[in-house]
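Asks:
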Amino acid sequence: MSGTAPGTLLIDCGRQQLRVIGALIIREMHTRFGRHRLGYVWLFFEPLLLGGMIAVIHGSSIGGENLRGTFEFFSIGYIMFFAFRGMVNRASGTIGANRGLLYHRQVTLPDLFYARHIIEAVACTGVLTIFTVAGIALGSDPPDSPAKMISALGLMVLLAQGVALTVGALTSEWEAIDRLIHAMSYLMLPFSGLFFMVDWLPDWMQQIVLWIPTVHIFELLRSGQFGDRVTPHYDLTYVAGWILVPHLLGLAGLRIVRNRIGLE
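Per UniProt numbering, residue 1 is the first one in the sequence shown, and the count goes up by one each step.
1) Quick one: residues in its chain with C-beta nearer than 6 Å to the C-beta of residue 138, no 5 flanking neighbours on either side, listed in chain order?
2) What span of residues does the alpha helix (DSSP H) with residue 137 cover, start to end?
3) Count the CB pairs spanning the segment 132-146 and the segment 208-222 that are closer than 8 Å, and state whether there are at least three.
4) Would the beta-carbon of residue 23 be found less than 7 Å away from any heavy atom of the ligand GTP?
5) Apply the 10 Å Cβ neighbour rule to residue 77 and answer buried if 16 or more other Cβ atoms are within range, or exposed otherwise.
6) Let me know if residue 242 comes out buried or exposed under the rule of 16 or more other beta-carbons within 10 Å of its beta-carbon.
7) Please report the Cβ distance between residue 240 and residue 160, rounded to the nearest whole angstrom; I am assuming they are in contact, meaning their Cβ atoms lie under 8 Å.
8) On the three-state DSSP scale, how would you describe residue 106?
9) Are there three or more Cβ pairs, one per stretch, closer than 8 Å when the segment 147-154 is compared with the segment 219-236?
10) Please tell me whether residue 169 and residue 250 are closer than 8 Å, where the distance is taken between their beta carbons.
11) Do you know how far the Cα of residue 86 is from the Cα of residue 167?
12) In three-state terms, what does DSSP make of residue 232?
13) Can you give me the Cβ contacts of residue 57 inside the same chain, cut-off strictly under 6 Å, excluding the 5 residues immediately before and after it?
14) Please identify the residue among 128, 14 and 93 whose C-alpha is closest to the C-alpha of residue 81.
15) Where does residue 175 sit, in a helix, a strand or coil, going by DSSP?
16) Using the rule of at least 16 other Cβ atoms within 10 Å of the residue's Cβ for burial, across every protein chain shown, is residue 193 buried or exposed?
17) What would DSSP say about residue 140, mapped onto helix, strand or coil?
18) Considering just the uninterrupted stretch of the alpha helix (DSSP H) at residue 223, what are its terminal residues?
19) Taking all protein chains shown into account, do 16 or more other C-beta atoms lie within 10 angstroms of the C-beta of residue 142, making it buried, or fewer, making it exposed?
20) Hey, residue 25 and residue 119: beta-carbon distance below 8 Å or not?
21) Suppose you measure from the CA of residue 64 to the CA of residue 53; what does that come to, to the nearest Å?
22) Please tell me whether residue 157 and residue 246 are closer than 8 Å, where the distance is taken between their beta carbons.
23) How long is the line joining the alpha carbons of residue 111 and residue 196, rounded to whole angstroms?
24) Where do the N-terminal and C-terminal ends of the alpha helix (DSSP H) with residue 90 fall, by residue?
25) Could you name each continuous alpha helix (DSSP H) segment of 4 residues or more that falls completely within the segment 154-207, going from the start of the chain to the end?
Structural data, given as structure tokens:
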């Protein structure tokens, strides 16, 4: 009796898919930043510049006497939102920009998205680390729980990925949705939880903003940053539901899109 164990086949398939995603990451980096290594600096410099400017503007306008005037409150918070907005806004062009790669059977539609999202996640993690160190250098206390901050970043990336998969599937059929997505990504900025904590709001407003999943993630982030100095309000089970449902819808939609493209 001969044959290959199912576990071995699964491991081989996993390794092959990781190689595919790795190749897609290299291709994406070359496409976005060119083949010169100096171009890769922009991957970190853009969020670093924007996050720093947001922190300086809002921190100076509010003052440094309270938590809302601290550098790390706005800088790290904005980096989280920057990653979310970037992943969702780029989703509409993912399939069109890589359509030719789909003639390779090893390349799947989700792989195209995963490669882009890994790049965004790495950049966000690097800049978040820089801002954390900069905050400490400016006299702030070290993070109370780095594990919570990393968990918040992971949840934000997963949430953005689920939404991006769904957006990618929808915009491949209806291109007009792309304009709506871009507008909504800017409109949600003041309601995302970036500029406030739930505990600062009136009770009636707290009940409203807690329907927004990003608010829970920002509350977890601030809990990891500031510890006992804040009173966080978050429900990770609720966030998990928001992550799971868009992933299921997005993956199902991409399967339909792949069949409609007719490459197989």
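Backbone N, C-alpha and C define an ideal beta-carbon position, used for all residues, glycine too.
Replies: In terms of the structure at hand:
1) What you label residue 138 is simply residue 138 of the sequence shown in a count that begins at 1. Cβ neighbours of residue 138 beyond the five flanking positions: 71.
2) Here residue 137 corresponds to residue number 137 of the sequence shown, with the count starting at 1. From DSSP, the alpha helix (DSSP H) with residue 137 extends over 109-137.
3) As far as the Cβ criterion goes, the segment 132-146 does not touch the segment 208-222, which means the pair count is below three.
4) Among the components of this structure there are no ligands whatsoever, and the ligand GTP is therefore not found.
5) One-based indexing of the sequence shown puts residue 77 at position 77. Taking every protein chain shown into account, the CB of residue 77 has 16 or more other CB atoms within 10 angstroms, so this residue is buried.
6) By 1-based counting over the sequence shown, the position of residue 242 is 242. The residue in question, residue 242, is buried, as its Cβ has 16 or more Cβ neighbours within 10 Å.
7) Looking up residue 240 in the sequence shown gives position 240. Looking up residue 160 in the sequence shown gives position 160. Rounded, the Cβ-Cβ distance is 15 Å, inconsistent with contact.
8) Looking up residue 106 in the sequence shown gives position 106. Looking at residue 106 - three-state DSSP - the assignment turns out to be coil, as it is neither helix nor strand.
9) Yes, the segment 147-154 is in contact with the segment 219-236.
10) In the sequence shown, residue 169 corresponds to position 169, counting from 1. In the sequence shown, residue 250 corresponds to position 250, counting from 1. Closer than 8 Å, so yes.
11) Working through the sequence shown from its first residue, we reach residue 167 at position 167. Working through the sequence shown from its first residue, we reach residue 86 at position 86. The C-alpha of residue 167 lies about 13 Å from the C-alpha of residue 86.
12) For the purposes of this step, residue 232 is taken as residue 232 along the sequence shown, with counting starting at 1. Three-state result, residue 232: coil.
13) Here residue 57 is taken as the residue at index 57 of the sequence shown, counted from 1. Non-local beta-carbon contacts of residue 57 in its own chain, meaning distances under 6 Å to residues more than five positions away in sequence, are absent.
14) Stepping through the sequence shown from its first residue, residue 81 is reached at position 81. Taking each of 128, 14 and 93 in turn and checking the Cα distance to residue 81, the smallest one comes out for 128.
15) For the purposes of this step, residue 175 is taken as residue 175 along the sequence shown, with counting starting at 1. Of the three classes helix, strand and coil, the one that applies to residue 175 here is coil, per DSSP.
16) If you number the sequence shown from 1, residue 193 lands on position 193. Looking at its Cβ environment, which holds 16 or more other Cβ atoms inside 10 Å, residue 193 is buried.
17) Position 140 of the sequence shown holds residue 140. Here residue 140 sits in coil by DSSP.
18) As a first step, residue 223 is located in the sequence shown; it is residue number 223 there, counting from the start. In the DSSP assignment, residue 223 falls within the alpha helix (DSSP H) that extends over 213-226.
19) Walking along the sequence shown from the start, residue 142 turns up at place 142. By the 10 Å Cβ count, residue 142 comes out exposed.
20) Here residue 25 refers to the residue found at position 25 when the sequence shown is read from its first residue. Here residue 119 refers to the residue found at position 119 when the sequence shown is read from its first residue. Taking the C-beta atoms as reference points, residue 119 is found nearer than 8 Å to residue 25.
21) If you number the sequence shown from 1, residue 64 lands on position 64. If you number the sequence shown from 1, residue 53 lands on position 53. For residue 64, the pLDDT reaches just 47, beneath the cut-off of 50, and the residue's location in the model is therefore unreliable, leaving the point undetermined.
22) Taking the first residue of the sequence shown as 1, we reach residue 157 at position 157. Taking the first residue of the sequence shown as 1, we reach residue 246 at position 246. Result no, Cβ atoms of residue 157 and residue 246 do not sit closer than 8 Å.
23) Counting from 1 along the sequence shown, the entry for residue 111 is found at position 111. Counting from 1 along the sequence shown, the entry for residue 196 is found at position 196. Distance between the alpha carbons of residue 111 and residue 196 is about 35 Å.
24) Taking the first residue of the sequence shown as position 1, residue 90 is located at position 90. It is not in any alpha helix (DSSP H) - residue 90 carries neither H nor E in the DSSP assignment.
25) Those alpha helix (DSSP H) runs which fall completely within the segment 154-207 and span 4+ residues are 177-187.
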